[in-house]
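K.L.:
Residue numbers (our numbering): 17 to 155.
We put the beta carbon where it would ideally sit given N, CA and C, even for glycine.
Before we start, here is the structure in question, set down as structure tokens.
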Amino acid sequence: PGVSMLTARAWFGAAAVAGKIVAVGGCGSNDTALASAEVFDPATRAWTAATSSMATPRMYHAVAALGALVYAAGGCKDRKCGSVSDPILSSVEAYDVARGEDASFTFLRLCDTLMEEGNFAEFAKFVRNMSAGAAGGSE
């Protein structure tokens, strides 16, 4: 049988990194966006709650892993994604898996203007540059 996540979540992002699966954000059971993350370790077959959360709760977001970092990009804070009351997020946050042994990792706010609405080209360029060891931006 499968192992249940600690928090019920839909429309979340997930990535495999450092031999673990990191589930980030999503829509919680109360129909609101989540800022939390949890980590599944196949060796122990257990989910562990991350001790750090994203600065911005998000669902419908993109997730990518590169090295020990898991990036959460874009998405929305509400199920009315893209509406006037819930604009699409342009921020990107990174989760540093290498900083912890037991899911006590830290989310890093990268930049609010890295992506423009509906344009993930800048995010892809950023991830490519990160793999070459160069990064820029502001906060």
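1) Kindly indicate which three-state DSSP category Val19 falls into: helix, strand or coil?
2) Between Val19 and Ala88, is the Cβ-Cβ spacing less than 8 Å?
3) Would you report the Cα separation of Arg34 and Gly44, rounded to the nearest angstrom?
4) Taking 8 Å as the threshold (C-beta atoms), are Lys93 and Ala24 in contact?
5) In three-state terms, what does DSSP make of Val33?
6) Leu85 and Glu54 - do their beta-carbons sit closer together than 8 Å?
7) Along the chain, where does the beta strand (DSSP E) that runs through Trp63 open and close?
P.N.:
By the coordinates alone:
1) Against the sequence shown, residue 19 aligns to sequence position 3. Here Val19 sits in coil by DSSP.
2) Working through the sequence shown from its first residue, we reach residue 19 at position 3. Working through the sequence shown from its first residue, we reach residue 88 at position 72. It is not a contact, given that the beta carbons lie outside the stated cut-off.
3) For the purposes of this step, residue 34 is taken as the residue at position 18 of the sequence shown. For the purposes of this step, residue 44 is taken as the residue at position 28 of the sequence shown. Note on identity: in this sequence residue 34 is Ala, with Arg being the wrong assignment. Rounded to the nearest angstrom, the two C-alpha atoms are 26 Å apart.
4) Against the sequence shown, residue 24 aligns to sequence position 8. Against the sequence shown, residue 93 aligns to sequence position 77. In this structure, Lys93 does not lie closer than 8 Å to Ala24 by Cβ.
5) Here residue 33 is taken as the residue at index 17 of the sequence shown, counted from 1. Three-state DSSP puts Val33 in a strand.
6) Position 38 of the sequence shown, counted from the first residue, corresponds to residue 54. Position 69 of the sequence shown, counted from the first residue, corresponds to residue 85. No; because the gap between Cβ atoms is not below 8 Å, this pair is not in contact.
7) In the sequence shown, residue 63 corresponds to position 47, counting from 1. 62-65 is the extent of the beta strand (DSSP E) around Trp63.
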